[in-house]
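Chemist: Position one of the sequence shown corresponds to residue 0 (numbering that gives the first Met the number 0), numbered consecutively onward.
Don't be surprised by glycine CBs; every beta carbon is placed ideally from N, CA and C.
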Amino acid sequence: MEKEQFIQLVHAYLHGNASAEEMEALERYYLLFADEPEILNLLDETALNMLEHKLHAGIQARIREADAPAPVHTHRRWYIRAAAAILLLGSIGIWWYSSNLFPQRVVQSADIRTSWGDKENRYSVLPDGTKVLLHRGSELHYTTDSGSRQVTLSGQAWFDVAQQAGKPFIIHTGSVTTTVLGTSFSIRAWPREKQVVVAVNSGKVQVSDALQNLAILTRDKQLVYDMVDKKPDKEPVKATESLAWAAQDMTFDNLPLSSLAEKLSRRYGIPIRLNNKKLEGCPITGRFSGTETLDEVLHILTATSQTTYKKSDKEVVIDGKGCF
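1) Let me check one thing: in DSSP terms, what residues is residue 157 bridge-paired to?
2) Counting only runs of 3+ residues fully inside the segment 178–231, write out the beta strand (DSSP E) ranges in chain order.
3) With the cut-off set at 9 Å, would you say residue 161 and residue 184 are in Cβ contact?
4) Rounded to the nearest angstrom, how far is the Cβ of residue 141 from that of residue 114, given a contact under 8 Å?
5) Between the segment 241–259 and the segment 274–287, do at least 3 Cβ pairs fall closer than 8 Å?
6) First and last residue of the alpha helix (DSSP H) that includes residue 257?
7) Just mark residue 221 as buried or exposed, buried being the case when its beta carbon has 16 or more other beta carbons within 10 Å.
8) Reducing DSSP to helix, strand and coil, say where residue 236 ends up.
9) Under 9 Å between the Cβ atoms of residue 307 and residue 321?
10) Can you check which of these residues, 168, 172, 127 and 251, is closest to residue 154 by C-alpha distance?
11) Can you list, in chain order, the residues of its chain with a C-beta nearer than 8 Å to that of residue 268? Leave out the 5 residues immediately preceding and following it.
12) Opposite residue 312 in the DSSP bridges: which residues?
13) Quick check on residue 295: does DSSP put it in helix, strand or coil?
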């Protein structure tokens with residue numbers, strides 16, 4: 000849910016226009032911040048008083064309607080926490096809308112699909128900050144809630160997993176499951192192949208199937224799992240070998256800057272514009288591993304081509320005088 004939508008909902012609540020379901024959802028979110036009194040400092044006294052009054056009236060009405068025999072203590076701190084939770088959640092925009100308005104477990108999701116007709120592999124950042132490079136022709140589905148982060152992968156991908164304590168990152172590839180807490184690694188699991196390959200570049204991962212743990216892999220180790228015989232084979236591997244596919248479309252030899260801008264735009268999913276037509280034919284030569292962020296690539300390219308770039312949420316603009 001966008002920030003503006005949430006603010007409208009709070010406005011409707013304060014003016015008595017919210018539905019019963021919306022009111023109940025808003026009132027229970029104080030629990031999220033019951034142990035964080037510092038949030039109170041974010042609100043002025045006027046906002047606190049207004050929300051406190053509305054919350055109190057709404058909850059008391061629910062109690063009368065349900066004929067609940069147990070008394071409810073309405074301490075001021077309780078309502079202030081509720082008010083803080085409502086306003087803070089609206090301001091930071093972490094709400095995601097589903098068929099059930101405001102579920103108790105907030106779920107985030109993302110789907111990334113590429114086809115064999117794509118010219119580039121796809122670089123993306125998941126909602127949790129995990130970086131993903133998805134091979135052409137692959138599909139990835141990501142979901143997360145308060146307990147774990149779940150990924151279903153068909154194809155091939157490299158991951159640089161963002162660390163989140165107590166929230167494991169779990170990848171499902173057929174009957175094989177890979178679990179990590181923070182590391183970089185790659186997985187190959189094409190439907191047409193009879194094996195799954197997990198290669199670790201840094202950190203540690205655990206690989207298992209439906210019956211048992213198959214292996215714990217550390218840096219420069221990989222597991223090849225036969226899907227037919229159900230046999231795992233653990234072996235050493237160099238990062239350059241396991242990521243050779245990622246670097247294939249990130250090697251440039253006198254490529255015109257205009258063509259490079261198009262390649263990077265497709266790869267990173269953001270328009271890249273040259274602010275000076277004299278830059279279009281400038282030859283660019285470079286080699287990357289394929290796992291770099293767009294900013295890392297642009298920083299190196301502009302530093303070596305005497306250009307500059309500005310990046311916003313909508314586009315990247317490269318500027319300079321032209322070729323020398």
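Modeler: By the coordinates alone:
1) 132 and 185
2) 183–188, 194–201, 203–207, 212–217 and 220–225
3) no
4) The pair is not a contact, with the Cβ atoms about 19 Å apart (cut-off 8 Å).
5) yes
6) 256–267
7) buried
8) coil
9) no
10) 172
11) 121, 122 and 123
12) Residue 312 pairs with nothing; no bridge assigned.
13) helix
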